Every structure is written in structure tokens, then in C-alpha cells.
Amino acid sequence: MNLRESLRISWRSIRAHKLRSALTTLGVIIGVAAVITFMVLGGGFSEDVVGDIEAEQEPAMTVQTQTTPEDGFGVMLVETPIYTESDVAALEQREGVEYVAPQGSLDVVQAEAGGEQLTGVVDAQATTADRFEHATFVDGGPFDGADEAVVNEQAGQTFEANLSAGDELELTFEDGEMTTVTVAGVVESELGEQTPPQVFVPADEHYTTTVETPDGDEERAYPTLQIGAEGLDDVDPVQETAVNYLEEESHAAELKGDDDEIAVQTVEDAIEQFDDLVGQLTVFIGAVAGIALVVGSIGIANIMIVSVTERTREIGIMKAVGATKRDIMQLFLVESVVLGVIGAVVGVAAGLGFGFLGVWLLGWPMVYPLEWVAIAVAVGIGVGVVSGLYPAWRGARVDPIEALRHE
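Numbering (the UniProt record's numbering), first residue to last: 1 to 407.
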């Protein structure tokens, strides 16, 4: 029996039991659709966050402290202030470095503008004006005094009055102290809609966190630094120089925890790390959703065993007229694979449809996970083969004499 004949007979059997065949493939459809949906959502989220940043080349890099979480999944930022004023000054003297802008969090609990108060919404950061060297302002510019501040678009839009340059903003700190600043500018959000509302104020006037250095002195220290190179061609040399200094000569090297690591990341490094993290998370969630594929394979195996039992007499007749064990195995394997492929194809279509709906509602770009579509089809074929092996082997072993007696 050739493959074409096996396919014809298998398709006839599937069409003869439409409802049963549809329910059999449902597990595969759900599993594949879930995996494809999560891949589309993961790709759309990643593209939404890094798409605009990737197109803008900036000669800047970020210095942060990282550690590996206990579960070993991804990386976790450490907000410990270990980069001292001495480290900042030493880095500024390195060749190719245009500026070093420290940044530290402030314990602001409430922000008020235009009579509207927001509690626990706005994230306050202390930094220097150099921090905005490569930033894009939609209104105004960097601060130039102790009583000025810069807000990002999210912070400006959080208030009903929509903050703009010249507006006053009152900040209340955790200890009850209050200060009023004038908005000098509204800066474009770095990570699009995912950026939290932020307000930036001058570090010299508002940041007071200090540590005792390895030399025994008391100095202000920051959890984050931004280093700006003089040009794009200087980024790699400056990154290498900064890494060497911070790991071997700096106060930070001695102040950091034993399990912590100092990371000097360019925009490209940060994007790559983010993509890896989102990719790992997406694959993990997709793998959980893929459990439905196991259920689907069990369903196909079960229905194929039922099919063998129902067609025992048919198998006997086929063997009586010359069909071999190989022909019988081929027949049931083809039927099983057809069910798996149908499930995979319908699942891919459903997954792309639900994925498109999800990214459309969230306002993310549509990303087609072509490699996962190919994997899904391959899985559908694999599920069909694995699920059909035992029923096909069982059908091939049917004794033709006993089969002809079967009612």
C-alpha cells in the first residue's frame, strides 16, 4: 500500500467521525495556540520596550550592581550605594569620558502640583544635569539650579494639569520635610509607556546618602552611574576602562557584596540582557502552556486505540487480501499524524489570532514568531507519530483469522 492510498483511507476515517476527530485534536489545538499566543505577546512586549531605543545610538553607558536571584533566573539589580564621589571623580579623569552622572533614589512619598496630590506614585531621583546630555526634551530643558527639576512624560501626564516647563511641584519626603521645585523641562520617556512617572532633582542639594569608604572617609555614594563617552567610537574603550577601574581600583569594588557584580552596560548590552530575560520568561510560560500538548497526545493515542478496536474486522479483511503488517502500521500512523498536523495548523492560526488581539489591545507591535510556528508544526507531527506508534503496532499484530470472526 502506497502512502497516497494510506492518506486517502485515513482521511475517509477522520471524516466519518467528524465530532470525535475534532475533540481529539482539541488538546493539540489548545496547547499550540497557547504557546504561539505567549510568544506573540512576549515578542510584542520586547519590541515595544526596546524598539525605539535600539534605533537611537547614544555614546552612553550605565553602571549598576547586579546579582543572581536565589532561583537562578535572570539578574536582579542591587540598589546598594557603593559608587562614591571619589569613584565619580576618578572616572571623569579617564580618557574618552565626557561626563559621569551619578543617580540615587530619594524617599519621596507624595507629590503635589496644581492642587492635586499623588501619594506613592512618582519616583524621585537625584542626579546631575549631565544625565540629560543625550535625552530628548518635549518641553524645556535640564535643570540649572537647586530649586529646579526635570520630569518625564509619564510624570507630567500623571497630573490632570499635565506638567510643563515653569510649573511648580511640591515634594514631600518620608521624614515629613517638603520642598518646592520648578519644572525646568519634560524629558521623553526612555522605555516608552513602561517607564514609571519620574522626577529628577539636583543631587548636590537633595541627595544626602553617605557611606564610610575603605579609606575611612565619609562620602556620598550612589547606586547607579551614567557614563558618557565623547563619541560613538569611544564607547567600547571607555566601557573597558570603566570596567577595569571599577573592578580593580574603585571603592565600589570593596564596598559591594561578595555575590554582587558590577556591570557597565551600553544601550546595546541592556537591550540584549532584556531580550534574554523576556525570552526566558516567555519560553517558561510557553512550556507550562505546552502541557496541553501532552494531554492532546494522550487524546490522540486513546482515540487511535479505539479506532483499532472498531476496525478489527477491516484489518482482517485487508490482511486477507495481502496487506502486510507494515501497511497496517502505516495506515494508522498516517491517520494519527494527520490528526496531529490538523491540530497544529489550527492551533497556530488560533494562536496568531489571539496574539494579534492581545497586542492590539495593549498597543504593542505585532511580532510573528516564525521559528515557533515551524516548531509547532513539527510538534504536531511528532505528537501524531508518538501517539500513533502503539495503536499502529497493536493494529499490525491483529491475527487475520480472529479479526475476520470479529463482529
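A virtual CB, placed ideally from N, CA and C, is assigned to each residue, including glycine. The model shown is predicted, which means the values in this text are computed figures rather than measured ones.
Problem set entry | Limits of the unbroken beta strand (DSSP E) element including glycine 220 | Within the sequence shown, numbered from 1, the residue matching residue 220 stands at position 220. The sequence shown places arginine at residue 220, rather than the glycine named in the question. Unbroken beta strand (DSSP E) run through arginine 220: 218-222.
Exercise. What are the boundary residues of the alpha helix (DSSP H) that includes glutamate 254?
Worked result: Here the question's residue 254 lines up with position 254 in the sequence shown. Here the alpha helix (DSSP H) through glutamate 254 covers 251-255.
Exercise. Using the rule of at least 16 other Cβ atoms within 10 Å of the residue's Cβ for burial, across every protein chain shown, is glutamate 335 buried or exposed?
Worked result: For the purposes of this step, residue 335 is taken as residue 335 along the sequence shown, with counting starting at 1. So glutamate 335 counts as buried.
Problem set entry | Close beta carbons around isoleucine 381, own chain, < 7 Å, minus the five adjacent residues each side | Locating residue 381 in the sequence shown gives position 381, where the first residue counts as 1. Around isoleucine 381: Val337, Gly340, Val341.
Exercise. Which partner residues does serine 105 have in the DSSP bridge list?
Worked result: Taking the sequence shown and counting its residues from 1, the one referred to as residue 105 is at position 105. Gln125.
Exercise. Once you ignore the five residues that flank glutamate 230 on each side, which residues in its own chain have a CB closer than 6 Å to its CB?
Worked result: Here the question's residue 230 lines up with position 230 in the sequence shown. For glutamate 230, where only same-chain residues beyond five positions count, the Cβ hits under 6 Å are Gly96, Glu98.
Exercise. How long is the line joining the alpha carbons of alanine 165 and glutamate 188, rounded to whole angstroms?
Worked result: As a working mapping, residue 165 is identified with position 165 in the sequence shown. As a working mapping, residue 188 is identified with position 188 in the sequence shown. Spanning the two alpha carbons is a distance of roughly 13 Å.
For this session: Could you work out which residue in Leu281, Ser250, Val138, Gln330 is closest to threonine 213 when comparing CA atoms only?
Result: Indexing the sequence shown from 1 puts residue 213 at position 213. If we check each option's Cα against that of threonine 213, Ser250 comes out closest.
For this session: In the DSSP assignment, find the unbroken alpha helix (DSSP H) run with glycine 156 in it and report its ends.
Result: Within the sequence shown, numbered from 1, the residue matching residue 156 stands at position 156. Element bounds for glycine 156: 153-158.
Exercise. Should alanine 161 and glutamate 116 be called a contact, given that it needs their Cβ atoms to be closer than 9 Å?
Worked result: Within the sequence shown, numbered from 1, the residue matching residue 161 stands at position 161. Within the sequence shown, numbered from 1, the residue matching residue 116 stands at position 116. It is a contact, given that the beta carbons lie within the stated cut-off.
For this session: Output the boundary residues of the beta strand (DSSP E) element that contains leucine 169.
Result: One-based indexing of the sequence shown puts residue 169 at position 169. 168-173 is the span of the beta strand (DSSP E), which, as asked, contains leucine 169.
Exercise. Nearest CA to the CA of valine 63: which residue from Thr24, Val181, Ala263?
Worked result: In the sequence shown, the residue the question calls residue 63 occupies position 63. Closest by alpha carbon: Ala263.
Exercise. Quick one: complete alpha helix (DSSP H) runs, 4+ long, within the region 321-386?
Worked result: 325-362
Exercise. Between the beta-carbon of alanine 90 and the beta-carbon of tyrosine 222, is there less than 9 Å?
Worked result: In the sequence shown, counting from the first residue as 1, residue 90 sits at position 90. In the sequence shown, counting from the first residue as 1, residue 222 sits at position 222. Not in contact: alanine 90 and tyrosine 222 (Cβ atoms no closer than 9 Å).
Exercise. Secondary structure at isoleucine 14, three-state DSSP: helix, strand or coil?
Worked result: As a working note, residue 14 is residue 14 in the sequence shown. DSSP places isoleucine 14 in helix when its eight states are reduced to three.
Exercise. Of all the options Asp327, Asp204, Gly299, Thr224, which has the alpha carbon lying nearest to the alpha carbon of leucine 7?
Worked result: Looking up residue 7 in the sequence shown gives position 7. If we check each option's Cα against that of leucine 7, Asp327 comes out closest.
Exercise. What number of angstroms, rounded off, separates the C-alpha of histidine 206 from the C-alpha of valine 238?
Worked result: Counted from its first residue, the sequence shown places residue 206 at position 206. Counted from its first residue, the sequence shown places residue 238 at position 238. Approximately 29 Å between the Cα atoms of the pair.
Exercise. Is alanine 301 near glycine 388, with beta carbons less than 9 Å apart?
Worked result: Locating residue 301 in the sequence shown gives position 301, where the first residue counts as 1. Locating residue 388 in the sequence shown gives position 388, where the first residue counts as 1. Contact: yes.
Exercise. Measuring CA to CA, which of Thr25, Glu5, Ile9 is closest to isoleucine 298?
Worked result: Here the question's residue 298 lines up with position 298 in the sequence shown. When only C-alpha atoms are compared, the closest one is Thr25.
Exercise. At what residues does the beta strand (DSSP E) containing proline 237 begin and finish?
Worked result: Within the sequence shown, numbered from 1, the residue matching residue 237 stands at position 237. No beta strand (DSSP E) contains proline 237, which is instead part of the alpha helix (DSSP H) from 235-248.
For this session: Under 8 Å by Cβ, that's how I've got isoleucine 36 and leucine 352 pegged, so tell me the actual separation to the nearest angstrom.
Result: Locating residue 36 in the sequence shown gives position 36, where the first residue counts as 1. Locating residue 352 in the sequence shown gives position 352, where the first residue counts as 1. At roughly 6 Å, the Cβ-Cβ gap stays under 8 Å, so isoleucine 36 and leucine 352 are in contact.
Exercise. Ends of the beta strand (DSSP E) at glutamine 118?
Worked result: Indexing the sequence shown from 1 puts residue 118 at position 118. Reading off the sequence shown, one finds leucine at residue 118, where the question assumed glutamine. 116-119 is the extent of the beta strand (DSSP E) around leucine 118.
For this session: Please report the Cβ distance between valine 243 and threonine 172, rounded to the nearest whole angstrom; I am assuming they are in contact, meaning their Cβ atoms lie under 8 Å.
Result: If you number the sequence shown from 1, residue 243 lands on position 243. If you number the sequence shown from 1, residue 172 lands on position 172. About 39 Å separates the CB atoms of valine 243 and threonine 172; that is not less than 8 Å, and the two are not in contact.
Exercise. What's the gap between the Cα of valine 379 and the Cα of leucine 370?
Worked result: As a position in the sequence shown, residue 379 is number 379, starting the count at 1. As a position in the sequence shown, residue 370 is number 370, starting the count at 1. Valine 379 and leucine 370: Cα-Cα distance of roughly 14 Å.
For this session: Would you kindly check if the distance between the Cβ of leucine 118 and the Cβ of alanine 111 is under 9 Å?
Result: If you number the sequence shown from 1, residue 111 lands on position 111. If you number the sequence shown from 1, residue 118 lands on position 118. Yes, the Cβ-Cβ distance between alanine 111 and leucine 118 is below 9 Å.
Exercise. How far does the alpha helix (DSSP H) with leucine 91 in it reach, from first residue to last?
Worked result: In the sequence shown, counting from the first residue as 1, residue 91 sits at position 91. Residues 85-92.
Exercise. DSSP on residue 411, reduced to helix/strand/coil?
Worked result: No answer is possible for residue 411: it lies beyond the span of the chain, which begins at 1 and ends at 407.
Exercise. How close, in whole Å, do the beta carbons of valine 183 and valine 138 come, if the pair is a contact with beta carbons under 8 Å?
Worked result: Taking the sequence shown and counting its residues from 1, one reaches residue 183 at position 183. Taking the sequence shown and counting its residues from 1, one reaches residue 138 at position 138. With 8 Å as the limit, valine 183 and valine 138 do not qualify as a contact, their Cβ atoms being about 12 Å apart.
Exercise. Thinking just about the alpha-carbon of each residue, which of Arg220, Asp147, Ser46 is nearest to the one in valine 367?
Worked result: As a first step, residue 367 is located in the sequence shown; it is residue number 367 there, counting from the start. Ranking Arg220, Asp147, Ser46 by CA distance to the CA of valine 367 puts Ser46 first.
Exercise. Are the CB atoms of proline 391 and isoleucine 305 nearer to each other than 9 Å?
Worked result: Here residue 391 refers to the residue found at position 391 when the sequence shown is read from its first residue. Here residue 305 refers to the residue found at position 305 when the sequence shown is read from its first residue. Yes, Cβ-Cβ distance for proline 391 and isoleucine 305 is below 9 Å.
Problem set entry | Reduced DSSP secondary structure (H/G/I, E/B, other) of glycine 185 | Within the sequence shown, numbered from 1, the residue matching residue 185 stands at position 185. Under the three-state reduction of DSSP, glycine 185 is assigned to strand.
Problem set entry | Best match in Met178, Trp372, Thr266 for proximity to glutamate 58 [C-alpha to C-alpha] | Counted from its first residue, the sequence shown places residue 58 at position 58. Considering only alpha carbons, the answer is Thr266.
Exercise. Between which two residues does the alpha helix (DSSP H) containing alanine 135 stretch?
Worked result: Looking up residue 135 in the sequence shown gives position 135. Unbroken run through alanine 135: none, as it is neither H nor E.
Problem set entry | Paired residues, beta bridge with isoleucine 262 - DSSP | Here residue 262 is taken as the residue at index 262 of the sequence shown, counted from 1. Isoleucine 262 is bridged to Thr65.
Problem set entry | Beta-carbon proximity list for isoleucine 285, same chain, < 6 Å, skipping 5 on both sides | For the purposes of this step, residue 285 is taken as residue 285 along the sequence shown, with counting starting at 1. Cβ within range, chain order: Phe38.
Exercise. Is the beta carbon of alanine 34 less than 9 Å from the beta carbon of alanine 292?
Worked result: Against the sequence shown, residue 34 aligns to sequence position 34. Against the sequence shown, residue 292 aligns to sequence position 292. Yes, they are a contact pair.
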